[in-house]
Structure formats: structure tokens, C-alpha cells
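Protein chains: 2
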Amino acid sequence: MRIVALAGGIGGARFLRGLKDVVGPDDEITVIGNTGDDIHLFGLKVCPDLDTVMYTLGGGIHEEQGWGRAGETFAVKEELVAYGVGPSWFGLGDKDFATHIVRTQMLGAGYPLSAVTEALCDRWQPGVRLLPMSDDRVETHVRITEEGRTRAVHFQEYWVKLHAAVDAEAIIPVGADTAKPAPGVLEAIAAADVILFPPSNPVVSIGTVLAVPGIREAVVAAAAPVVGLSPIVGGAPVRGMADKVLAAVGVEASAAAVARHYGAELLDGWLVDEVDADAVESVAAAGIACRAVPLLMTDPAATAAMARTALELAEQVRR
Amino acid sequence: MRIVALAGGIGGARFLRGLKDVVGPDDEITVIGNTGDDIHLFGLKVCPDLDTVMYTLGGGIHEEQGWGRAGETFAVKEELVAYGVGPSWFGLGDKDFATHIVRTQMLGAGYPLSAVTEALCDRWQPGVRLLPMSDDRVETHVRITEEGRTRAVHFQEYWVKLHAAVDAEAIIPVGADTAKPAPGVLEAIAAADVILFPPSNPVVSIGTVLAVPGIREAVVAAAAPVVGLSPIVGGAPVRGMADKVLAAVGVEASAAAVARHYGAELLDGWLVDEVDADAVESVAAAGIACRAVPLLMTDPAATAAMARTALELAEQVRR
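Same order as they appear, the protein sequences are chains W and P.
Be aware that the first sequence starts at 0, since it is given in numbering that gives the first Met the number 0, and climbs by one per residue.
Be aware that the second sequence starts at 0, since it is given in numbering that gives the first Met the number 0, and climbs by one per residue.
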């Protein structure tokens, strides 16, 4: 079975680990990773979501934190602070720096991001084929107003520095309109037996992947059933601040509203948490098969069960 | 008093520390640093000699080693090895990486190396004005023959990887012929009251600085007395493998031969070690005032005494 999953960072990566636990040895997982939260820091190209997937599936992740490397040290960062070179709000560890150094060097030598990601995965052996959504630069910016002044900040600045404490007025995936899907992305979607939307951020993770011209259209046209898992449980994001960016696109922070935001054009099936069982009917009314099941990735077994249920729903809605 | 010193790495940096100890508060030291051993590693611009001077005079040097940072860690390097990305023979520590990251970012933003060096020195406060010999890229290559095959390798590969164990057949300062002295270099030489050649490598350190068109001519034309200190003591380099590169330019590894290599056109005075007292007469015969004094930088006091003697000799030969 060929499974394609669109993915953001922490939530997507953890779900994918559960998915790997339930697929068979002959199944192939292709992950189309969000690169809209990529950022240039200190002259280096940082791809937080790709790295979170790579480190999580490759066994290098800082488990409690969910991002970054286990056993990390911060000598480089401390030195940069000593040089007065910022930003200091983005937590790059020494091990992590090496990844960005290798990536930046390869990009500088002319390799596209997809080839660089493949090279990095040679080491990490994540057990999935990890593709960036695009080799072209896309950067999600967030429009905010502070003290009467409106400006657009990089998503990482909004998320990591400002902790999404300011209202997001608009989400702008800069460069997305002219970006092309990375090699293999459209082919993987077209050839998929199942397409999954993990419980990643529907706006700045999966939404950004879908904003690359051709990807949304490919998912809509795909023969495979498309099943998503709600990142909203009980009216709030399980992790992160998805409600903030949902508000910016006029979507209520509820499991049902996110399903309707994707819509029946994209989704064939949708999983909501048991606490959101009352959403099942309204989602079904929108033409999306819906089940209420436990959706908290509290441990590997719970995560694997979510993945198994998603695959079962995909079979049930297969046309 | 305005003192200008041409300098390489470890030997030059240690001598400069001694020089700082003996000058007065109104004296100004300008260091023209060799950049011929600069190398691009992992996409980063590394300037070993400039950094050795900066770290040594700024209090950040690894004292025993003579280069690199004190209290260094190597997480980034270990990760690069895990990625299979080399070379692994060049010992970059985590703290040191930060310097190269800042430098590379600034160069990428369009600042010349001289401005970058000044910015880095803002932190280190070396107490001297540190100028790269040139803002243009110059890379010293060494021609060697191994197993019947002749090739040119980067100086760092010759020095650090091969430990100069192969004969150097030629020293080629690639790019030197079209390089321009960095801003301030020629002006500093012209305005100098004293010009010093520390006991740095006469071929690949001071020789490379002098290979930048205009610098040798400026030293020759300078009104200031020029005094050098022999890096060769008792027929062998005090540190490093200077004999190897001296042989490549046809110069014997002796205190007298190095003086004659520079020549009376450049040098007004020359200090040799007491063990080389028999060289005094032949150097003097070449038109260079020569003194035999202790030339081992065994401790700060001994180094300061060397600097004081060099300044005294400069006064004696002042025309």
C-alpha cells in the first residue's frame, strides 16, 4: 500500500511514528512536508518541520520538547549572543546547527532542497520518503498589529518569539503562488492508495502545503481516499496555537469547523476525538464520513491506534 | 608611537601579546594579518590566522594548543562526521563555528572581510587594530607529489592533514597577484614609526602578506625602521614546519638564511637567538643590523623582553 501524508512539525511527526507502527513491511509512506515555516537564520537555511519529521522518525528527537535534538548543547548559540548577533529567540542547538550547515552548504552547491533532504535522510533513515512540498522558497508570514502599527512578521517570529500572543490578522504564504511542487510530490499523490492529513495545523502546516499550486488539485483529483485527523479537541488545539491562525482565516477552533474548512472536495473521511462526538453528524452532513475516536497521542500505542483507525476509515470510504 | 606588525598565526599572536605588554598607553599597534591560509569549510569562511590573533589578544585562545578557543566542545563537528560530511581533519569547535557563522553571514550580506574583522574584534577587543592583508580572496596552495602524482593542495590540507610530511615543491599564493591591500593597510605602513616582522612563517605567513601587490613596495618605501625576529632557532623552526616551506622556496632553515631571504631592501634589523650568535656577522654583512638575544617565547616575560629588544633595535637603526 502506498500512503501519502501531508505533514507539519511535532503533531505530524508523532502521528507518522504511529503510522509506521501499524503499516506492513511492503507499505510505503511518502511524507510531503511543509516548508512554509523555513527560515534563514545566521545565513543558514533552517527547515523546522522537515527536521522535526526527520529527527522524530530517525530517533534523534528531543522527546519531551518535540522538536530539536536529544542531548543538545548550545555553545554556538551562546557565542552568537556574545557577538551580539541575533535573533536569540530561536533555539538552535549545536547538533541542530550541523544539520543546517550541511543543508546550507549543499543548497549553495546547487542541490535542490529535495535532494538535500534525501541526503540528510540517508543518515537518519526515517523509514519514510520525506519530500519537501516544494524546492522553491515559500515563507509563511503573519500580519499583526501592535501599538497601532500593522506589519507582517515571519511565522517563526509570530510563533516562537511572540508566542502567538497577538492576533493573527492574515496568513500570507509568501512565494507560494509561484512555487512548484517538488519532484515526486504530484506523482506520489496520484499513485497513492491512501492520503492522510495528520493532526497538523490546518492553516500554517497542511494549508501551506495545499497552497502550492498543483498540490491541492492533485489531492482533489486523486483516486485514493483522503482521511484527516482533527488537531482540535474539545474546542482547543491539542498542542500549539492553531486557534490563533484559524481565526485569521475565519475558521472556528472546532473539529467540525476544520473539517468544513478542508471541505468534502478534499476530505473523504475525518476523525474527531470522542469529546467532539457531537460534531460527527454535522461533518457527515457536509459530505465527509466522520468517526469519533480517542485522538490524544499520549503514548505510542494510542498514536498507533489513531493511525490504524484512519486507515480503516480510508477503506470504508474508498470509492 | 605607531607600530605596524605583519603577522601569521600562533607565533605572531604570541609575540603581539608580548608587544602589547611593553608599549605605552598612547602607542598604537596595527596588525596586518595573513589571510592566505583562509579556507572555506562546510560553506563557511574560516580565517585561522586572523582568529588566532583575535582570540589570543582577546583572551579567548586555547593556551596550550595555541589556536582555537579555550573550553571548546565539538558537537557540531561530531554531527558533521555522522552526516559523512568532511573534511574531518580540520578541528573546528562549537565556539569557533560561531565565529565562522557570523563572518560568513556578514560576507554574504556584502561586507568586506576588513569590516567583518572589525565587527568581530568589537567583541574581542584585542587592543590592536587588526586588518586582513586584503579583502580579496587569496589562498595559499602547496604543490606536492605523492605516488608519482603531482598536485596542488590547499595550505591547510598540507599543514593540518598531511602534517607537512610530504616535500613542498612550490608555494602558490593563488589570487595574490590580483589582490588589493585591504583599506588602511598601505596607509598604516606609510605612517608607521616602527614596522615589525614577528617570528611568523617567512614564506606562508609574512611572505604571503608581502605577496599582495603594493604591500612589499610600501614596506620598502616606508620611513620607519623594519625589524624582524627569526622564527628559526638553532637551524629548526621554533614551532610548526617552516623548514618545509622554506625548502620549497630554496631557502635554508637558518636564522641567517631567512634574514637574507627578506633582504636588506626590506629589513633594517634582525634578531636571532643566542644559539645562532654566529649568524650575526653574516647578516650584518648583508646590510642588516643583527643582535643575538633569547628568542624563545617561553612565558609572557620572555616574550615581552623580545618585543622590547625589537623596539630598541628599531631605534638603533632608525635613519
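By construction, the Cβ of each residue, glycine as well, lies at the ideal position given by its N, Cα and C atoms.
Note that the C-beta distance between A288 of chain W and L312 of chain W is below 8 Å.
Any Cβ of chain W closer than 8 Å to the Cβ of T29 of chain P would place that residue at the interface, and such an atom is absent. Scanning P:P224, P:A12, P:V30, P:V219 for the CA closest to the CA of W66 of chain P turns up P:A12.
For I31 of chain P, the uninterrupted beta strand (DSSP E) run begins and ends at 27 to 32, by DSSP. One thing to note: P236 of chain P has its Cβ no nearer than 8 Å to the Cβ of T207 of chain P. Nearest neighbour of G183 of chain W by Cα position, chosen from W:V30, W:G10, W:A6, W:T103, turns out to be W:V30.
Considering only W:R307, W:F154, W:D134, W:V52, the residue with the shortest C-alpha distance to P212 of chain W is W:D134. Distance between W123 of chain W and G70 of chain P, taken at the CA atoms: about 30 Å.
For T149 of chain P, the enclosing beta strand (DSSP E) has its first and last residue at 148 to 153. CA-CA distance, M132 of chain W to D50 of chain W, rounds to 14 Å. Non-local C-beta neighbours of K19 of chain W in its own chain, meaning closer than 6 Å and more than five positions away in sequence, comprise G126, ordered along the chain. Distance from the CA of A189 of chain P to the CA of T177 of chain P, rounded to the nearest whole angstrom, comes to 21 Å. Less than 8 Å divides the Cβ of L40 of chain P from the Cβ of F89 of chain P. In the structure shown, H140 of chain W adopts extended strand secondary structure according to DSSP, grouped into three states. Assigned with DSSP and collapsed to three states, F14 of chain W falls in helix. For chain P, the residues of the region 34 to 53 of chain W that bring a beta carbon within less than 8 Å of one of its beta carbons are F41, G42, L43, in chain order. Under the 8 Å criterion on CB atoms, V115 of chain P is classed as non-interfacial with respect to chain W. Separation of the CB atoms of L310 of chain W and V193 of chain W is rounded to 6 Å, and the pair is thereby assigned contact status at 8 Å. Counting C-beta atoms within 10 angstroms of its own C-beta, E62 of chain W has fewer than 16 neighbours from the protein chains shown and is therefore classed as exposed. When CB distances to chain W are screened at a threshold of 7 Å, not a single residue of the region 126 to 138 of chain P falls below it. In the DSSP assignment, no residue is bridged to W66 of chain W. Listed along chain W are G42, each with a C-beta nearer than 9 Å to that of G107 of chain P. Boundaries cannot be given for W88 of chain P, as no beta strand (DSSP E) includes it and DSSP labels it neither H nor E.
Within its own chain, the residues whose Cβ lies closer than 7 Å to the Cβ of V80 of chain W, once the five positions on either side in sequence are excluded, are S87, listed in chain order. Per the coordinates, the alpha-carbon of V45 of chain P lies some 6 Å from the alpha-carbon of H99 of chain P.
In the displayed model, E168 of chain P falls within coil according to three-state DSSP, outside both helix and strand. At least one CB of chain W lies nearer than 8 Å to the CB of I100 of chain P. In the three-state reduction of the DSSP assignment, C46 of chain P falls in the coil class, being assigned neither a helical nor a strand state. Ranked by Cα distance from V137 of chain P, the options P:M0, P:V316, P:D36 are led by P:D36. Annotation: Cβ neighbours of E78 of chain W in chain P (cutoff 9 Å, chain order): R68, D93, K94, D95, F96, A97, T98, I100, V101. Listed by position along chain W, the residues whose Cβ is nearer than 9 Å to that of T55 of chain P form an empty set, because the closest Cβ is around 17 Å away. About 18 Å separates the Cβ atoms of P224 of chain W and P201 of chain W, ruling out a contact at the 8 Å cut-off. The Cβ of Q124 of chain W sits no closer than 8 Å to any Cβ of chain P.
If you check the CB distance, V52 of chain P and G32 of chain P come in under 8 Å. A distance below 8 Å between beta-carbons, with the five flanking residues on each side excluded, links A252 of chain P to the following residues of its chain, in chain order: I231, G234, A235, P236, A241, D242, L245, A246.
Contact check for L270 of chain P against V292 of chain P passes: the beta carbons are separated by less than 8 Å.
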